[in-house]
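Here is the structure we will look at.
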Amino acid sequence: MEDEVYLFHQFLYPMNLFINKIINLLESEISLPPDKIGALLEQPPDNKMGDYALPCFSIAKQLRKNPQDIAAELSQKLVPNDTIVQITATGPYLNFHVAKPLLFRTVLEEIASTGASYGNSLIGKDKTIIIDYSSPNIAKHLAVHHLRSAVIGNAIYNLFKALGYRCIGINHLGDWGTQFGQLIVALKRWGSNFAITSKRNSFEEDSTKQETLTVNKLNELYVTFHKEAKTDKNLEEEAREWFKKLEDGDNEAKETWQHFKEISMLEFDRVYKRLGITFDSYAGESFYNEMLDDTVKRIKDSGLTEISEDALVVNLEKFNMPPCILRKRDEASLYATRDICAAEYRKREYHFDKMVYVVGSEQRLHFRQFFKVLEQMGYEWVDTCAHADFGLVKFKQGKMSTREGKVILLEDLLEESYKIAREIIEEKNPDLENREEVAENVGIGAIIFSELCTKRVKDVLFDWDVILNFDGETGPYVQYTHARMCSILRKYGESVTTSVDYNLLKEDDEIVLIKQLEGFPFAISRAADNYEPSILSNHLLDLCSTFNRYYQHHRILTDDNELRKARILLIDAIRQVIQNGLSILGLKSPERM
RNA sequence: GCGCCCGUAGCUCAGAAGGAUAGAGCGACGGUUUCCUAAACCGUAGGCCAGAGGUUCGAAUCCUCUCGGGCGCACCA
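First residue of the first sequence? That's 38 in the numbering used here, and the numbers climb one at a time after it.
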């Protein structure tokens with residue numbers, strides 16, 4: 038038990054040359070294996086106290102001695118060396134001071150030589166991860182509540198890419214289900230003026246007499262359906278019949294559905310492109326139609342199913358969950374059926390080592406049920422599947438609902454943010470050359486970053502003023518900091534070199550900065566492990582904040598030649614790290630703004 | 001009713017598998033621009049970490065209960 042805890046810890050503070058030296062020193066004095074010593078080490082809250090600390094409480098317990106005394110004794114016994122230059126006892130803590138020039142050199146040379154790949158690792162070499170994200174329903178607009186899954190999923194994709202994983206991003210389109218029956222009914226009743234043709238042969242049609250169907254119009258039809266369905270009870274039944282026809286391969290149903298899908302994808306791609314989000318597969322729910330029977334048969338054969346209220350279900354009572362429904366009364370499938378089927382398919386097709394679903398937390402129960410069914414089917418790999426859930430987007434008026442037609446469209450939000458960025462540039466930097474491009478990068482960046490800077494689980498209240506704020510802890514702040522550094526480097530003009538006097542870097546803020554740079558790879562791996570991009574965005578914010586303070590109080594382009602060279606190297610490293618981080622989060626790093 | 005999640009400054013949130021004094025941003029108030037981009041920086045104010053017990057050398061962090069909020073609970077996804 039204890040051992041496991043220690044092992045876990047080890048991961049927290051990755052080994053580096055300084056920790057190794059500290060362990061070497063301690064080994065002879067403490068009767069603990071090296072990895073356990075390493076696990077005990079932590080970082081003091083204030084840099085002035087030291088760089089690494091050994092809390093002596095647990096040792097005190099073993100030796101039945103006072104932790105203060107142990108720290109004091111050890112500080113006497115241990116002999117500093119070229120790497121660990123000072124060892125002091127502060128109360129029950131033994132604090133180690135690292136040779137700062139060596140620290141600067143190690144980190145700055147590493148960043149200079151690895152560049153855009155600083156922070157990457159090979160942990161995921163030869164491993165595959167599937168990330169299921171965005172996954173909107175077709176025939177509906179992308180609205181602001183669709184943003185989270187797409188943006189968080191994209192960041193998780195990039196995080197694992199940085200760890201060396203082979204990543205498969207899947208947009209599991211909601212292109213199947215009863216709502217298409219509803220839409221077909223709606224279209225037949227109230228939309229006879231629309232042309233239903235596949236895009237590819239639409240030019241053959243007499244389009245002058247018929248209106249073109251758009252997602253907008255589909256949305257209106259959907260709203261109408263639900264409004265009418267409240268009074269006309271036949272509608273729901275009719276919709277169910279049409280969906281059944283669709284599942285049975287009825288031509289008319291299928292062609293109509295295909296058309297819905299095409300016009301939807303046209304819109305989605307426009308938004309994804311603007312957000313810089315891509316997928317490796319668009320295999321949505323309909324993709325699994327033909328495989329559904331096999332999946333259901335397998336579940337049946339494992340003896341897991343029963344008929345309850347005329348539906349085919351897996352009873353999960355003993356797991357304290359409601360049953361997982363596989364087939365409705367009318368034999369039609371449900372999303373759980375399709376999710377199980379998709380998981381099996383993905384395992385067969387991609388042999389993934391991990392699979393993560395970036396889906397809202399309102400579906401928690403669904404994932405618990407569906408994972409439980411996989412487990413009951415004997416798939417041990419269910420343990421490698423995770424639901425990276427996220428909180429709801431709420432509005433002052435309450436939850437947003439497509440059914441009632443109350444939505445804020447994603448495209449409108451992006452456009453608004455672009456416009457604001459554009460205005461700010463006009464005001465602050467009117468001579469900027471590629472204004473449109475920068476405004477796009479900053480405007481979109483503001484929106485992406487705002488989704489990524491708090492932990493997933495938090496519900497977010499949508500507020501135009503908050504999401505379109507460009508001051509403080511925001512994407513534009515990070516981008517601005519980056520642009521500032523680019524500006525310094527431009528002004529410097531010469532090429533950056535690692536042949537500098539590292540002894541000259543000794544300001545407090547420089548030390549804080551170098552540690553933040555050193556911690557960047559760790560921030561990436563923690564963010565990936567927890568499927569939590571906010572760990573990375575917060576790391577970047579901290580780094581920017583330290584830099585801006587430093588920038589305010591110290592001149593980088595000083596008259597002192599050697600100092601200037603050293604500081605420029607530091608600045609270039611920060612710039613690189615911010616760029617790497619922003620790129621993982623899905624933001625551009627403009628050089629001027 | 002049952003289950004899951006959340007509760008840290010006026011607001012929005014950080015808080016490294018329990019550690020040294022609780023940190024930002026926004027908002028408020030007051031400062032900084034002949035000086036590398038003021039989308040910045042500095043200062044002031046603001047806290048019983050929802051509450052109560054427990055675990056231990058030590059708790060915002062782990063356990064139990066209470067209160068408050070969100071979400072979910074059979075043929076939608």
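Beta carbons: idealized from backbone N, C-alpha and C, even for Gly.
May I have the straight-line CA-CA distance separating residue i from residue j, to the nearest angstrom?
| i | j | result |
| --- | --- | --- |
| aspartate 596 | tyrosine 529 | 12 Å |
| leucine 111 | serine 150 | 38 Å |
| isoleucine 107 | phenylalanine 133 | 15 Å |
| serine 95 | glycine 128 | 14 Å |
| leucine 145 | leucine 607 | 7 Å |
| phenylalanine 240 | threonine 249 | Note that phenylalanine 240 has pLDDT 45, beneath the 50 cutoff, so the model's placement of it is unreliable and the number below is only indicative. The straight-line gap from Cα to Cα measures roughly 12 Å. |
| asparagine 238 | aspartate 287 | Note that asparagine 238 has pLDDT 45, beneath the 50 cutoff, so the model's placement of it is unreliable and no number is given. |
| leucine 91 | alanine 126 | 9 Å |
| phenylalanine 389 | proline 71 | 34 Å |
| glycine 340 | cysteine 378 | 17 Å |
| cysteine 490 | threonine 293 | 41 Å |
| valine 308 | leucine 210 | 15 Å |
| glutamate 477 | leucine 469 | 13 Å |
| lysine 85 | glutamine 553 | 15 Å |
| serine 574 | glutamine 516 | 12 Å |
| proline 82 | valine 549 | 11 Å |
| glutamate 275 | phenylalanine 507 | 50 Å |
| aspartate 347 | arginine 277 | 16 Å |
| lysine 465 | glutamate 289 | 57 Å |
| serine 68 | glutamate 628 | 53 Å |
| glycine 190 | glutamate 488 | 11 Å |
| methionine 630 | lysine 310 | 22 Å |
| leucine 140 | tyrosine 588 | 21 Å |
| alanine 320 | methionine 302 | 13 Å |
| methionine 52 | tyrosine 89 | 12 Å |
| threonine 534 | glutamate 544 | 20 Å |
| tryptophan 418 | leucine 505 | 42 Å |
| leucine 283 | lysine 291 | 6 Å |
| proline 104 | lysine 602 | 45 Å |
Report all residues from its chain with a CB closer than 7 Å to the CB of residue i; omit the five preceding and five following residues, and keep chain order.
| i | result |
| --- | --- |
| glutamine 671 | The structure shown has nothing for residue 671, since the chain only spans 38 to 630. |
| cysteine 361 | Val350, Val351, Leu353, Ala373, Gln406, Phe407, Val410 |
| aspartate 496 | Gly428, Leu429, Lys431 |
| alanine 199 | Gly156, Asn157, Ile561, Ile621 |
| phenylalanine 584 | Thr518, Leu550, Ile611 |
Following a CB-centred definition, is residue i positioned closer than 6 Å to any heavy atom of the ligand SAM?
| i | result |
| --- | --- |
| asparagine 132 | With respect to the ligand SAM, the structure offers nothing, as it holds no ligand at all. |
For residue i, which residues of its own chain have a beta-carbon under 6 Å away from its beta-carbon, when the five flanking residues on both sides are left out?
| i | result |
| --- | --- |
| alanine 425 | Val393, Val395, Tyr568 |
| phenylalanine 557 | Gly156, Val614 |
| leucine 349 | Thr342, Leu363, Arg364 |
| phenylalanine 4 | Past the edges of the chain, shown from 38 to 630, lies residue 4, and the structure says nothing about it. |
| isoleucine 485 | Val188, Gly623, Leu624 |
| glutamine 219 | Phe262, Ala276 |
| aspartate 500 | none |
| serine 186 | Tyr170, Ser171, Val395 |
| valine 333 | Leu363 |
| leucine 619 | Ser626 |
Could you please give the first and the last residue of the uninterrupted beta strand (DSSP E) stretch that includes residue i?
| i | result |
| --- | --- |
| valine 181 | Here valine 181 belongs to no beta strand (DSSP E), and DSSP marks it neither H nor E. |
| cysteine 634 | Nothing about residue 634 can be read from this structure; the chain reaches only from 38 to 630. |
| histidine 134 | 130 to 135 |
| valine 430 | 430 to 432 |
| glycine 203 | First, the amino acid is wrong: residue 203 is arginine here, not glycine. Start and end: 203 to 207. |
| alanine 320 | Run containing alanine 320: none; DSSP gives neither H nor E here. |
| isoleucine 166 | 165 to 169 |
| aspartate 426 | 422 to 427 |
| valine 122 | 121 to 127 |
Here's a check: name, in chain order, each residue in its chain whose Cβ is nearer than 8 Å to the Cβ of residue i, leaving out the five neighbours to either side.
| i | result |
| --- | --- |
| histidine 183 | Ser171, Pro173, Leu447 |
| glutamate 599 | Val537, Asp538, Leu541 |
| serine 571 | Leu489, Cys490, Thr491, Lys492, Arg493, Ala564 |
| serine 345 | Asn352, Pro360 |
What are the boundary residues of the alpha helix (DSSP H) that residue i is part of?
| i | result |
| --- | --- |
| glutamine 553 | 545 to 555 |
| phenylalanine 94 | 94 to 100 |
| threonine 583 | 570 to 590 |
| threonine 215 | 215 to 227 |
| glutamine 516 | 512 to 529 |
| leucine 272 | 271 to 284 |
If I'm right that residue i touches residue j with Cβ under 8 Å, what's the distance once you round it to whole angstroms?
| i | j | result |
| --- | --- | --- |
| leucine 258 | glycine 214 | Incorrect: roughly 16 Å between the Cβ atoms, too far for contact. |
| isoleucine 59 | isoleucine 121 | 6 Å |
| lysine 177 | asparagine 256 | 6 Å |
> Which residue spans inside the segment 337 to 408 form an unbroken beta strand (DSSP E) run of at least 3?
Replying inline: Within the segment 337 to 408, the complete beta strand (DSSP E) runs of at least 3 residues are 342 to 345, 348 to 351, 361 to 364, 391 to 397.
> Which parts of the segment 451 to 505 are runs of the alpha helix (DSSP H), unbroken and 4 residues or longer, counting only runs that do not cross its ends?
Replying inline: Within the segment 451 to 505, the complete alpha helix (DSSP H) runs of at least 4 residues are 472 to 489, 501 to 504.
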